[in-house]
Amino acid sequence: MTVIFLFILFCRGDDFREDYSRLAMLCSTFPSVPVIALTATASKSDVIAIKESLNLKSPLKIIGNPNRPNIFYEKVFRKGEDIDFYDELLQPIACGLKKSTVEYPLTILYLPLKWCGFAYKYFESHLAQQQYYPSNAASLPENRLFAQYHAPQTSTMKDQILTELASPTSKVRVIFATIAMGMGVDIPSIRYIIHVGPPRTVREYFQETGRAGRDGKLSTAVLYYNNRDIAKNREGMTDDIRTFCKLDNDCLRKFLLNCLDAADVNLKTVGHLYCSHCKSICDCQACITN
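Structure follows, in structure tokens:
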């Protein structure tokens, strides 16, 4: 009987990869057994690291195109005090949710942990009894239009949120999350991914924004950042993500794909659908008319 070991590798930092490198012992213990190593997002250097850590000899490599043409990328430099910024960010979302309820586009906001709690309380205050759906619903978590997802929550609470989000009749429309909402999240109808502060690497950012638009419909990824977010003394922050944040005169999508060593970054979509920079210089008839 042929046995295939399936190694699912999520490249989320050196510590995580070091743990998975120990799986090489299985390869050496069963040298005649076929091995399949899978990862969601990886550059050429990541592929080499996986190959070497597992001691794979001359493996067949099947690499898909990571480009997600239905995701529009935007980044915004945020100014002023944090409290003022969050009020400016959250107020229109809260108003839109109050008006549209379950018709509001599914949105994930990746925030630092302390601001997840702030955002949650902000929505509780602004929506009051209208935070529950339908209007006569009991004041229970499963009827609330928004939720938070982070490591301090119990596994039961997090599983309940993911189950609700995966439902086509989900009442939850806005999620305040940390990076705890990561691996294994496959929700097809997410329309907006909003980051306040970038992840440590382009790879992580691409993975997190890639949760948008898995149903193929147009979606948007927005990154808000300031100089503190990309300071030289930020532990684990890579130069690639700093460069991405500072990029002013080039396509954001192309930069991300180049960082991932994508084989073909000749984009065929209309310019204003690429990113905020390309939209600002797009000269198609629709943009000229508007």
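For my numbering, add 60 to where a residue sits in the sequence shown, where the first one is 1.
Where a beta carbon is used, it is the ideal one built from N, C-alpha and C, also for glycine.
Could you give the distance in angstroms between the alpha-carbon of Gly-140 and the alpha-carbon of Arg-263? Here residue 140 is taken as the residue at index 80 of the sequence shown, counted from 1. Here residue 263 is taken as the residue at index 203 of the sequence shown, counted from 1. Cα to Cα, the separation comes out at about 29 Å.
Report the rounded CA-to-CA distance for Cys-71 versus Ala-109, giving the unit in angstroms. Here residue 71 refers to the residue found at position 11 of the sequence shown. Here residue 109 refers to the residue found at position 49 of the sequence shown. Residue placement at Cys-71 is flagged as unreliable, the pLDDT there being 49, under the threshold of 50; the coordinate-derived value follows with that caveat. Using only the alpha carbons, I get a separation of about 10 Å.
Could you name the residues that DSSP lists as bridge partners for His-255? Residue numbering aside, residue 255 sits at position 195 when the sequence shown is read from its first letter. According to DSSP, His-255 bridges with Tyr-170 and Leu-283.
Phe-304 to Trp-175, Cα distance in whole Å? By one-based count along the sequence shown, residue 304 stands at place 244. By one-based count along the sequence shown, residue 175 stands at place 115. Approximately 24 Å, taken between the alpha carbons.
Can Cys-335 and Arg-313 be called in contact, C-beta distance under 8 Å? By 1-based counting over the sequence shown, the position of residue 335 is 275. By 1-based counting over the sequence shown, the position of residue 313 is 253. Yes, the pair counts as a contact, with Cβ atoms nearer than the cut-off.
Within the same chain, show all residues whose beta-carbon is closer than 6 Å to that of Pro-259, passing over the 5 residues directly before and after it, in chain order. Here the question's residue 259 lines up with position 199 in the sequence shown. So the list reads Tyr-265, once near-sequence residues are dropped.
Proximal residues to Leu-333 (C-beta, below 7 Å), its chain only, five neighbours per side dropped: For the purposes of this step, residue 333 is taken as the residue at position 273 of the sequence shown. Apart from sequence neighbours up to five positions away, the residues of its chain that approach Leu-333 with a beta-carbon distance below 7 Å are Phe-132, ordered along the chain.
State the CB to CB distance for the pair Thr-280 and Glu-134, rounded to an integer number of angstroms; the pair is presumed to be in contact (CB under 8 Å). As a working mapping, residue 280 is identified with position 220 in the sequence shown. As a working mapping, residue 134 is identified with position 74 in the sequence shown. Yes, they are in contact, since the Cβ atoms of Thr-280 and Glu-134 sit about 7 Å apart, within 8 Å.
For Arg-204, list the residues DSSP reports as bridge partners. Against the sequence shown, residue 204 aligns to sequence position 144. Arg-204 is bridged to Tyr-192.
Quick test of your reading: Leu-200 and Lys-231, contact by CB under 8 Å. State the CB separation rounded to the nearest angstrom. Along the sequence shown, read from residue 1 onward, the residue named residue 200 stands at position 140. Along the sequence shown, read from residue 1 onward, the residue named residue 231 stands at position 171. At roughly 10 Å, the Cβ-Cβ gap does not stay under 8 Å, so Leu-200 and Lys-231 are not in contact.
On the three-pair Cβ rule with 8 Å, is the segment 158-171 touching the segment 248-256? Verdict: yes, contact present.
Per DSSP, the bridge partner or partners of Val-234: For the purposes of this step, residue 234 is taken as the residue at position 174 of the sequence shown. Paired residues: Thr-167 and Phe-206.
Under 8 Å by Cβ, that's how I've got Tyr-193 and Thr-223 pegged, so tell me the actual separation to the nearest angstrom. As a working note, residue 193 is residue 133 in the sequence shown. As a working note, residue 223 is residue 163 in the sequence shown. The C-beta separation of Tyr-193 from Thr-223 comes to about 17 Å, leaving the pair out of contact by the 8 Å criterion.
Identity of the residue in Pro-165, Leu-187 and Asn-127 nearest Pro-228 by Cα: Residue 228 sits at position 168 when you count from the first residue of the sequence shown. The option with the nearest alpha carbon to Pro-228 is Pro-165.
Of all the beta strand (DSSP E) runs that stay within the bounds of the segment 106-141, which reach a length of 3 or more residues? 131-137
Which ranges does the beta strand (DSSP E) cover as unbroken runs of at least 3 residues, wholly within the segment 289-347, from first to last along the chain? none
For Arg-138, I'd like the list of residues in its chain whose CB is within less than 6 Å of its CB, leaving aside the five on either flank, ordered along the chain. Your numbering for residue 138 matches position 78 in the sequence shown. So the list reads Phe-145, Tyr-284 and Asn-286, once near-sequence residues are dropped.
If you follow the alpha helix (DSSP H) that Lys-277 is in, where does it begin and where does it stop? For the purposes of this step, residue 277 is identified with residue 217 of the sequence shown, where counting begins at 1. Where Lys-277 is concerned, there is no enclosing alpha helix (DSSP H), given that its DSSP letter is neither H nor E.
Compute the distance between the beta-carbons of Ala-179 and His-210, then report whether it is under 8 Å. As a first step, residue 179 must be located in the sequence shown, where it is residue number 119. As a first step, residue 210 must be located in the sequence shown, where it is residue number 150. His-210 is positioned such that its CB atom lies no closer than 8 Å to that of Ala-179.
Cβ-Cβ distance between Thr-101 and Gln-208 below 8 Å: Taking the sequence shown and counting its residues from 1, the one referred to as residue 101 is at position 41. Taking the sequence shown and counting its residues from 1, the one referred to as residue 208 is at position 148. Their beta carbons are not under 8 Å apart, which means Thr-101 does not touch Gln-208 by this criterion.
Could one say the Cβ of Pro-194 lies closer than 8 Å to chain C's Cβ atoms, at least one of them? No chain C appears in the structure shown, which is made up of a single protein chain.
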